[in-house]
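Numbering (our numbering), first residue to last: 324 to 869. Structure record follows, encoded as structure tokens.
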């Protein structure tokens with residue numbers, strides 16, 4: 324058998340702390356003598372990334388898989404953390420555990436078994452190295468070592484190890500499928516396909532069911548850069564606002580087609596890249612927050628439009644901010660803004676408040692470098708952690724942001740991408756030779772599915788040739804994905820059919836006022852079948868979410 328890992332902690336006996344561990348033994352093992360007690364030591368994480376979330380996940384998964392009422396009791400995390408902290412403070416634990424020191428630690432804690440190990444993550448590969456030590460020494464230590472080339476395999480590896488422990492240590496045979504969170508074999512969500520990613524293993528995409536299809540509401544021979552919905556004029560029905568390069572189209576649904584109410588043209592040098600609708604100033608009429616650049620794509624010139632009871636007027640213009648409206652934990656919309664900084668992923672992000680017919684910076688928020696407010700959202704990513712920030716960074720990786728403003732988790736897959744971009748780098752006579760920083764689209768949280776828990780909605784656009792065209796992006800297809808936390812990572816649950824071209828934006832709203840929410844999507848396609856042809860045609864489509 325392969326020699327086990329380097330020890331996680333070193334432990335030496337000292338009579339001065341016997342009382343300390345006796346206290347923890349009494350606190351954590353107050354049960355009949357027939358019940359076996361296990362202390363799961365938090366696994367060591369060997370990775371260039373912060374895998375604190377995974378360390379916590381491993382502890383929770385192993386605890387739930389080994390616990391057996393009246394037969395096997397696993398000490399809670401707080402008890403173990405306090406015991407380890409006390410031992411380290413007393414100098415009794417130095418370095419890493421091995422089989423010998425784990426047994427000695429277990430004796431002092433008054434438990435029957437110590438479970439410890441490590442997870443090593445490098446590139447796309449990982450290895451899980453663990454041991455279950457019988458403190459009495461009567462049973463041989465159960466060692467486990469497995470490698471994989473996919474981060475999504477953590478759950479099946481833990482299931483396999485827990486199954487070995489239950490069978491070989493506790494003579495308990497449990498089907499690993501019982502460890503998965505309850506879920507329909509083939510859940511449905513209106514016209515969206517089942518992606519199968521958030522079930523037992525939560526890795527890649529599985530076979531898909533036939534979609535119920537979508538409804539097309541609008542087709543135009545222009546590129547829709549952004550879209551939003553809201554009751555802008557308080558007439559009791561929702562409007563759909565679309566943005567082309569320098570204009571807004573405000574429409575409402577008549578039958579199944581969107582009819583234009585008004586067309587608003589703005590300066591021809593503007594390039595609109597984002598829209599949001601919300602009543603931030605509290606006057607009863609929602610504002611349209613328009614994030615726009617100038618035609619050179621190096622300067623921001625955003626503005627705010629509002630209906631005044633008779634017409635749509637610009638209430639603020641030439642603002643050097645990127646805007647995004649994000650719902651707070653209580654459900655109220657909050658305006659966030661990011662200043663220009665050195666680029667779209669470098670500026671500070673602020674919560675904004677209305678003041679004297681304008682908007683001012685109330686406070687800044689802490690986020691990792693490489694965060695854009697345009698793809699920032701807030702919601703319950705993990706079931707036990709309340710509301711957290713989620714974003715797509717400049718490398719198109721999905722990032723979970725903790726309360727301290729640091730990366731908690733980052734996806735290995737790429738998401739987002741649009742054909743809206745910022746020009747950066749050294750100036751050149753030929754703008755096509757300069758670097759481009761592409762924007763990622765919005766993320767939204769919305770409760771769907773049988774459990775009606777909030778899930779993550781986001782856009783994924785796939786490039787032609789996998790991005791081999793260099794600095795200029797061209798897309799072959801896009802889709803909206805619905806994702807859920809599977810204990811280790813965000814994994815797909817539902818998705819739209821692949822849509823030719825690229826998805827520029829989406830919203831969730833009951834645009835036909837039938838009591839059922841729609842996923843409303845703007846899709847951009849090329850007018851010719853050619854890799855370098857310009858995007859020319861756009862469609863607004865929708866899926867029922869029930």
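Note that beta-carbon positions come from the ideal geometry of N, C-alpha and C, so glycine has one too.
Return the residue from the list the options that minimises the CA-CA distance to residue i.
i: residue 391; options: 496, 626, 570 and 603; result: 496
i: residue 799; options: 805, 808 and 788; result: 788
i: residue 847; options: 555, 797 and 717; result: 797
i: residue 562; options: 865, 867, 834 and 842; result: 834
i: residue 394; options: 435, 595 and 607; result: 435
i: residue 757; options: 723, 795 and 731; result: 795
i: residue 811; options: 366, 362, 376 and 369; result: 376
i: residue 441; options: 427, 624 and 477; result: 477
i: residue 517; options: 575, 588, 820 and 568; result: 820
i: residue 430; options: 641, 459, 492 and 592; result: 459
i: residue 425; options: 363, 368 and 379; result: 363
i: residue 867; options: 462, 860, 861 and 844; result: 844
i: residue 603; options: 675, 544 and 559; result: 675
i: residue 687; options: 711, 680 and 659; result: 659
i: residue 552; options: 542, 581, 543 and 537; result: 581
i: residue 837; options: 560, 439 and 455; result: 560
i: residue 571; options: 733, 579 and 599; result: 599
i: residue 472; options: 444, 808 and 722; result: 444
So what's residue i in DSSP terms, helix, strand or just coil?
i: residue 357; result: coil
i: residue 656; result: strand
i: residue 626; result: strand
i: residue 553; result: strand
i: residue 402; result: helix
i: residue 491; result: helix
i: residue 266; result: Outside the displayed span of the chain (324 to 869) sits residue 266, for which this structure offers no information.
i: residue 697; result: helix
i: residue 643; result: coil
i: residue 734; result: strand
i: residue 877; result: Since the first residue shown for the chain is 324 and the last is 869, residue 877 is missing from the structure and cannot be characterised.
i: residue 759; result: strand
i: residue 385; result: helix
i: residue 683; result: strand
i: residue 470; result: strand
i: residue 347; result: Caution applies to residue 347, whose pLDDT of 46 falls short of 50 and renders its modelled position unreliable; the value that the coordinates give is listed next. It is helical.
i: residue 484; result: helix
i: residue 411; result: helix
i: residue 376; result: helix
i: residue 802; result: strand
i: residue 424; result: helix
i: residue 461; result: coil
On the DSSP bridge list, what partners appear for residue i?
i: residue 391; result: 395
i: residue 739; result: 783
i: residue 596; result: None; residue 596 has no bridge partner.
i: residue 444; result: 449
i: residue 586; result: 572
i: residue 432; result: Answer by DSSP bridge pairing: none, since residue 432 is not bridged.
i: residue 744; result: 761
i: residue 362; result: 437
i: residue 848; result: 860
i: residue 711; result: 702
i: residue 610; result: 601 and 629
i: residue 837; result: Answer is none; residue 837 lacks a bridge partner.
i: residue 920; result: Look at the range of the chain in this structure, 324 to 869, and you will see that residue 920 is not part of it.
Suppose you measure from the CA of residue i to the CA of residue j; what does that come to, to the nearest Å?
i: residue 384; j: residue 481; result: 8 Å
i: residue 416; j: residue 433; result: 16 Å
i: residue 610; j: residue 635; result: 10 Å
i: residue 337; j: residue 410; result: The predicted position of residue 337 is uncertain, since its pLDDT is 42 and thus under 50; a value taken from the coordinates is nonetheless stated next. Approximately 10 Å, taken between the alpha carbons.
i: residue 577; j: residue 585; result: 15 Å
i: residue 782; j: residue 418; result: 45 Å
i: residue 556; j: residue 612; result: 15 Å
i: residue 548; j: residue 673; result: 24 Å
i: residue 869; j: residue 773; result: 10 Å
i: residue 728; j: residue 450; result: 28 Å
i: residue 720; j: residue 541; result: 31 Å
i: residue 379; j: residue 398; result: 14 Å
i: residue 638; j: residue 382; result: 53 Å
i: residue 591; j: residue 704; result: 40 Å
i: residue 644; j: residue 606; result: 22 Å
i: residue 422; j: residue 438; result: 10 Å
(message) Under 8 Å: do the stretch 465-485 and the stretch 399-417 share three or more Cβ pairs, one atom per stretch?
(response) Verdict: no, contact absent.
(message) Does the stretch 653-670 come into contact with the stretch 733-741, if we say contact requires no fewer than three beta-carbon pairs (one atom in each stretch) closer than 8 Å?
(response) no
(message) Using a Cβ distance threshold of 8 Å, determine whether the stretch 709-722 contacts the stretch 688-695, with at least three qualifying pairs required.
(response) yes
(request) Please confirm if the stretch 615-633 is in contact with the stretch 647-655, defined as three or more CB-CB distances below 8 Å between the two stretches. (result) Inter-segment contact for the stretch 615-633 and the stretch 647-655 is absent: fewer than three beta-carbon pairs are separated by less than 8 Å.
(message) Taking 8 Å as the cut-off, does the stretch 759-766 touch the stretch 696-709 (at least 3 CB pairs, one atom from each stretch)?
(response) Yes, the stretch 696-709 touches the stretch 759-766.
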